[in-house]
Amino acid sequence: MMVPVRCFTCGKVVGEHWEEFKARTREGDEDPEAVLDELGIERHCCRRMLVSHKDLVDIVAPYQ
13 MMVPVRCFTC GKVVGEHWEE FKARTREGDE DPEAVLDELG IERHCCRRML VSHKDLVDIV
73 APYQ
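If you read the sequence shown in our numbering, its first letter stands for residue 13, the second for the next number, and so on.
This is the structure in structure tokens:
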């Protein structure tokens, strides 16, 4: 789960792409730029949101 769900700059929903982006780039097998292109994320601000996001939900709320 990505928090925040929307891009801070333009307001576009980017949270729906987070799980796939994280899974495909986690091990460093795929280039993040290529993954973002395939997901259709074209705006620089939205790309920055996904690349720079650090998932803290597991650390903050470890008990589900």
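For every residue, glycine included, the Cβ atom is placed at its ideal position computed from N, Cα and C.
Just to confirm, is the Cβ distance from residue 24 to residue 55 under 8 Å?
Reading the sequence shown from its first residue, position 12 is the one you call residue 24. Reading the sequence shown from its first residue, position 43 is the one you call residue 55. Result yes, Cβ atoms of residue 24 and residue 55 sit closer than 8 Å.
Leaving out five residues on either side along the sequence, give the residues of the same chain with a beta carbon under 7 Å from the beta carbon of residue 57.
Along the sequence shown, one-based indexing puts residue 57 at 45. When the five nearest sequence neighbours on each side are left out, the beta carbons in the same chain lying within less than 7 Å of the beta carbon of residue 57 are those of 19, 21, 22, in order along the chain.
8 Å CB neighbourhood of residue 26 in its chain, flanking five on each side removed
Numbered from its first residue, the sequence shown carries residue 26 at position 14. Counting only Cβ-Cβ distances below 8 Å, and skipping sequence neighbours, we find 14, 17, 18, 19, 53, 58, 61, 62.
So is residue 48 buried or exposed if we call it buried at 16+ other beta carbons inside 10 Å?
Position 36 of the sequence shown, counting from 1, holds the residue named residue 48. It counts as buried.
Residue range of the alpha helix (DSSP H) that residue 68 falls in?
Mapped onto the sequence shown, residue 68 falls at position 56. Premise fails: residue 68 is in no alpha helix (DSSP H) and is neither H nor E.
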